[in-house]
Each structure stands twice: as C-alpha cells, then as structure tokens.
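Chemist: Sharing a structure below in structure tokens format, with a few things to ask.
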Amino acid sequence: MPSILLITSDGGARAGLASVFGMAGWRVQDVPTGSMGAQAFRGGLPDAVVVDQSLPDIDGLTIVGDLRRIAKGRGVVIAALVDEIDRATAVQYVKAGTNIFLAKPIDVADAYARIAGKIEGAPPLEPPALSTDPLAKPVVLMASPSLNARDTAIKVLSDEYEVVHFDGAQGISGERKQAAVTVLDEGLPGGLGTLPSLQAMFGDSPVLALVGRGSEVPDHFAATLTKPLRSTQLARYVREVTDRVDFGLSPMDQGVVVRLRDGWEKLEDAAFEQVVEQIRDIATLVEGSGRTWICLTGPYVGSGKMRPRCKALLEAVSYEDLKVGMVTSQSNTVKVAHDHQLHPKMVHQSTTAFIKAVGELV
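243 is the number that the working numbering gives to position 255 of the sequence shown; each next residue is one higher, with no gaps.
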C-alpha cells in the first residue's frame, strides 16, 4: 500500500487530496505546517509528499529542500502545490527536488494521476461504482461537515434514496458510488470550490448548493438551498432533479413500492398519463430484474373516487409474473381488493403488513 504525506493548511486541497488518495487505498497523513511536515517525514518516509507553496510557518521551497536532505537520495516523489509561480521560482523548486507542480484550485483526479504515475505499483483511480440494478436507490451525496444536515437528509430521503455523507475530513460513509445528485455545503473545507474534486470522486451530477442567506452561488449549480436546511426544501429539490416529483420508489430485494405523492389525484389528465407511462416503465424493470411483486400506495390510493385512475395504474403494472398489491388508508381492504380485482391478501393498510403477506404468497 503506497503512502502520501500532505503538508498544507489549505482546507479544501487537504480534504480533496486526502479523500481521493484514501479512497484509492493509500495511507494518508496530513499536517498543516512545514515544521510538522518535516517531523512527520522523519518519522517514516512516504512514497510521495505534497508541499504547499504557502505555509503558515515556513515557505514551501525551504521545506522541499529539507525533505530532500532528510530523504538522502531515496526516491520520494515531491509535488509542489502552488497558487502562482514565476519561471525563476519554478526553477528553484526543481533544483530543490520538486518532481511535479500542482496548481490551485486543485484538480484531485489530475493530481492523483500524475503522482501515482511516478510510483510503481500505485493503483489507478477507479471511477465511482455504478449499480447494475436499474431500480437501485439513487445516491444523494451530502457533502457537508454538518451532522445535522446529514441527519436531515437521512430522515427525509432514506426510504427512496441512498444518502452518502462526505464531511471533507473523515472521508465518506459507505462505498464510493456514482452520485445522482450532490448537495454541496459552502461550509465544507474549500467551500463551493471543491466541486471539481467531488466530481472526480463521485462523478458528474446535478449539484444543489447549501449556503447561508445572501451568499452568491455560481450559475452552474442546479438550485440553492438555504441554511438551516429544511427537510421539505431538500426533498422538493432532490425529487425535481431526479424526476421523482409525482411518485417515489422504494426498491427491495423481492419487489418495489411505488408511492404516489400528495396531489397526484389533482393532476391534469395529460400529466397523469405521463405518470402512468413512467410507472409502466418501472414495472417493466421490476419484472426484468427478477423481482416478484410491485405495490402501489399513497393518498387516495384505493378510494372509490380515484377508482378510474387506480385502474389505469394497476393496468400499467400488470405483468404475468408479477404479483400486484396496494397499501391503502381505506379501512375495508376486502372491498378495495374486490373493487380493484386484486387478491385479498395483496391489499393492506401498511407497507409492513403488505410485505409480510406477499412474502407468504411468493
């Protein structure tokens, strides 16, 4: 396992580099000052070092020279992290022992490729994992140092989305996967400028900026969320960018629950027909994935006045190899089953009861 020492007080650069090298399997040590960097270097030579040109105690050029003297000719790759550098200073850095120059703001994917390329046996930076299940929960990347923001996202989204938390310091919670949507907190080390680093690690996706009132947000962000993060605001924007405004999905090992949102019963006919077609496509994926059931739920599902629309939805999800069910707020589930031509054991008042019953039937 290769190792790298990061000597920088730049929070954004440190977070991005530490994360990308750590995810690639490197041992990572980071320190904020030159003196601490020299001490760490003496404690055990790493395979590579990143030295910031601007350190709070010693200039980067001096540190590069010190590290080369400590290394005594051993082949440590040294990269200089620079804001701007003139030709004469660049020559000084090279003479002191610099192998690579990295420009700020840091492009972590490029930095990784250039450093790893000089170290024999260093693993390549793999792209984020893509799910082989077309019905897998979309990944919402919460890039925020705030545990409150993380907890809000988990509480409001986890039924339908996989929430991955990245705090910029401790790495990520869970496997590194392709994000469907990213929420980027300006409070992350490096602020909104860390977006390129996040995209290198988690892929391109629509990005929601989480900022305080009055903060300026670049136009390339899909939307702006204001602090303190409100669950209704987060849910609305995430659903919009993932095309789940009118319904949501909860995929499970053996089946999928389709939740119609509040207001579906008031949709114009043309808009409702679009929802029907979307759900028809989902049923096709459910059947093709080897799952055995699909369940419809939501406000007014199973009610008498919504019978024509429920019928259209049930027809859309009817496949020979799929068991179709319903979770309804109606008290007489036997009547609902009769009215909609469903097996009596496939209509319940709670998702938990439905899943238990369908498990006994499959």
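Where is the CB? At the ideal position from N, CA and C, for every residue including glycine. Just so it is clear, the structure is predicted and the values come from calculations on it, not from any experiment.
(1) At the level of alpha carbons, what is the spacing between Tyr81 and Ile(-5)?
(2) Considering only residues of the segment 7 to 88, which uninterrupted beta strand (DSSP E) runs meet the minimum length of 3 residues and lie entirely inside it, listed in chain order?
(3) Could you work out which residue in Ser319, Phe235, Arg227 and Glu256 is closest to Cys283 when comparing CA atoms only?
(4) Quick test of the definition: if touching needs 3 or more C-beta pairs under 8 Å, does the segment 135 to 149 touch the segment 176 to 195?
(5) Is it right to say Asp18 is buried, meaning 16 or more other beta carbons lie within 10 angstroms of its own, or is it exposed?
(6) Indicate the three-state DSSP secondary structure (helix, strand or coil) for Lys92 in the structure shown.
(7) Would you kindly check if the distance between the Cβ of Val152 and the Cβ of Leu186 is under 8 Å?
(8) Going by beta-carbon coordinates alone, are Tyr225 and Glu275 separated by less than 8 Å?
(9) If distances are taken between C-alpha atoms only, which option among Lys299, Val289, Leu310 and Glu303 comes closest to Ser319?
(10) Pull up the DSSP beta-bridge partners for Gly313, would you.
(11) By Cβ distance, which residues of its chain are closer than 6 Å to Thr214, with the 5 residues on each side in sequence left out?
(12) Just how far apart, CA to CA, sit Ser119 and Ser193?
(13) Quick one: measure Cβ to Cβ for Lys311 and Val346, integer angstroms, because I've assumed they're closer than 8 Å.
(14) Assign Met240 to one of three DSSP states: helix, strand, or coil.
(15) Quick check on the DSSP output: what are the complete alpha helix (DSSP H) runs of length 4 or more inside the segment 123 to 178, in order along the chain?
(16) Do the segment 257 to 271 and the segment 333 to 343 meet, that is, are 3 or more Cβ pairs less than 8 Å apart?
(17) With DSSP run on the structure shown, which of helix, strand or coil describes Phe209?
(18) Name the DSSP bridge partner or partners of Ala117?
(19) Compute the Euclidean distance between the alpha carbons of Ala259 and Ala131, then round it to the nearest angstrom.
(20) Excluding sequence positions up to five away, which residues of its chain have a Cβ less than 6 Å from the Cβ of Pro287?
(21) With a 10 Å radius around its C-beta and 16 neighbouring C-beta atoms as the bar for buried, classify Arg279 as buried or exposed.
(22) Which residue marks the beginning of the alpha helix (DSSP H) containing Ile267, and which one marks its end?
(23) Taking the alpha helix (DSSP H) that Ile343 belongs to, which residues open and close that run?
(24) Buried or exposed for Ser146, please, with buried defined as at least 16 other CB atoms from any protein chain shown within 10 angstroms of its CB.
(25) Assuming Glu253 contacts Arg218 under a Cβ cut-off of 8 Å, what Cβ separation, rounded to an integer in Å, is found between them?
(26) By how many angstroms is the C-alpha of Gly13 removed from the C-alpha of Met189?
(27) With Val305 and Ile267 assumed to form a contact (beta carbons below 8 Å), what rounded beta-carbon distance in angstroms separates them?
(28) Just list the residues that DSSP pairs Thr230 with in beta bridges.
(29) Give me the Cα-Cα distance between Asp207 and Glu174, rounded to the nearest whole angstrom.
(30) Helix, strand or coil, according to DSSP, for Leu198 in the structure here?
(31) Residues in the same chain with beta-carbon distance under 8 Å from Ala67, minus the five sequence neighbours each way, listed in chain order, please.
(32) Could you check which residue in Ser(-3), Lys293, Glu265 and Met11 has the C-alpha nearest to that of Val96?
(33) With DSSP as the reference, please indicate the residues paired to Thr214 in a beta bridge.
(34) Looking at the structure shown, is Ile(-5) part of a helix, part of a strand, or coil, going by DSSP?
(35) If you draw a straight line from the alpha carbon of Pro20 to that of Gly105, how long is it in whole angstroms?
Modeler: Put simply:
(1) Locating residue 81 in the sequence shown gives position 93, counting from the first residue. Locating residue -5 in the sequence shown gives position 7, counting from the first residue. So the alpha carbons of these two residues sit roughly 16 Å apart.
(2) 15 to 19, 36 to 40 and 65 to 70
(3) The sequence position of residue 283 within the sequence shown is 295, counting from 1. The shortest Cα separation from Cys283 among Ser319, Phe235, Arg227 and Glu256 belongs to Phe235.
(4) no
(5) Here residue 18 corresponds to residue number 30 of the sequence shown, with the count starting at 1. It is buried - the Cβ of Asp18 has at least 16 other Cβ atoms within 10 Å.
(6) Position 104 of the sequence shown holds residue 92. Coil, per DSSP.
(7) Sequence index remark: in the sequence shown, residue 186 carries index 198 (1-based). Sequence index remark: in the sequence shown, residue 152 carries index 164 (1-based). No, the pair does not count as a contact, with Cβ atoms beyond the cut-off.
(8) Counted from its first residue, the sequence shown places residue 225 at position 237. Counted from its first residue, the sequence shown places residue 275 at position 287. For Tyr225 and Glu275, no; Cβs fall outside 8 Å.
(9) Reading the sequence shown from its first residue, position 331 is the one you call residue 319. Ser319 has its Cα closest to that of Val289, out of Lys299, Val289, Leu310 and Glu303.
(10) Taking the first residue of the sequence shown as 1, we reach residue 313 at position 325. DSSP lists Cys283 as partners of Gly313.
(11) Within the sequence shown, the letter at position 226 stands for residue 214. Closer than 6 Å at the Cβ level, and outside the excluded window around Thr214, lie Arg201.
(12) Translated into positions along the sequence shown, residue 119 becomes position 131. Translated into positions along the sequence shown, residue 193 becomes position 205. Going from the Cα of Ser119 to the Cα of Ser193 covers about 15 Å.
(13) Here residue 311 refers to the residue found at position 323 when the sequence shown is read from its first residue. Here residue 346 refers to the residue found at position 358 when the sequence shown is read from its first residue. Between Val346 and Lys311 the Cβ distance is about 6 Å, and since that is below 8 Å, they are a contact.
(14) Counted from its first residue, the sequence shown places residue 240 at position 252. Here Met240 sits in coil by DSSP.
(15) 135 to 145
(16) no
(17) Your numbering for residue 209 matches position 221 in the sequence shown. Three-state result, Phe209: coil.
(18) In the sequence shown, counting from the first residue as 1, residue 117 sits at position 129. Ala117 pairs with Lys165.
(19) Within the sequence shown, the letter at position 271 stands for residue 259. Within the sequence shown, the letter at position 143 stands for residue 131. Whole-angstrom Cα-Cα distance: 34 Å.
(20) Stepping through the sequence shown from its first residue, residue 287 is reached at position 299. Excluding residues within five positions, the ones whose Cβ falls inside 6 Å are Asp250.
(21) For the purposes of this step, residue 279 is taken as the residue at position 291 of the sequence shown. When all chains shown are included, Arg279 counts as buried.
(22) Taking the sequence shown and counting its residues from 1, one reaches residue 267 at position 279. Taken as a continuous stretch (DSSP letters only), the alpha helix (DSSP H) holding Ile267 covers Asp257 to Gly276.
(23) Within the sequence shown, the letter at position 355 stands for residue 343. Its alpha helix (DSSP H) spans residues Thr339 to Leu349.
(24) Counting from one through the sequence shown, the residue named residue 146 turns up at place 158. Ser146 should be labelled exposed.
(25) Here residue 253 refers to the residue found at position 265 of the sequence shown. Here residue 218 refers to the residue found at position 230 of the sequence shown. Contact flag wrong, Cβ pair sits at about 26 Å.
(26) Here the question's residue 189 lines up with position 201 in the sequence shown. Here the question's residue 13 lines up with position 25 in the sequence shown. The alpha-carbon atoms of Met189 and Gly13 are separated by roughly 13 Å.
(27) By 1-based counting over the sequence shown, the position of residue 305 is 317. By 1-based counting over the sequence shown, the position of residue 267 is 279. Rounded, the Cβ-Cβ distance is 6 Å, consistent with contact.
(28) Position 242 of the sequence shown, counted from the first residue, corresponds to residue 230. None; Thr230 has no bridge partner.
(29) The residue you call residue 207 lines up with position 219 of the sequence shown. The residue you call residue 174 lines up with position 186 of the sequence shown. The alpha-carbon atoms of Asp207 and Glu174 are separated by roughly 15 Å.
(30) The residue given as residue 198 occupies position 210 in the sequence shown. In the structure shown, Leu198 sits in a strand (DSSP, three-state: E or B).
(31) On the sequence shown, position 79 is the one that residue 67 refers to. Excluding residues within five positions, the ones whose Cβ falls inside 8 Å are Ala36, Val37, Val38, Val39, Thr86, Asn87, Ile88, Phe89, Leu90, Ala99, Arg102 and Ile103.
(32) Locating residue 96 in the sequence shown gives position 108, counting from the first residue. Nearest C-alpha to Val96: Met11.
(33) Your numbering for residue 214 matches position 226 in the sequence shown. Answer by DSSP bridge pairing, in chain order: Val199.
(34) Translated into positions along the sequence shown, residue -5 becomes position 7. Residue state, collapsed to three classes: strand.
(35) What you label residue 20 is simply residue 32 of the sequence shown in a count that begins at 1. What you label residue 105 is simply residue 117 of the sequence shown in a count that begins at 1. About 25 Å.
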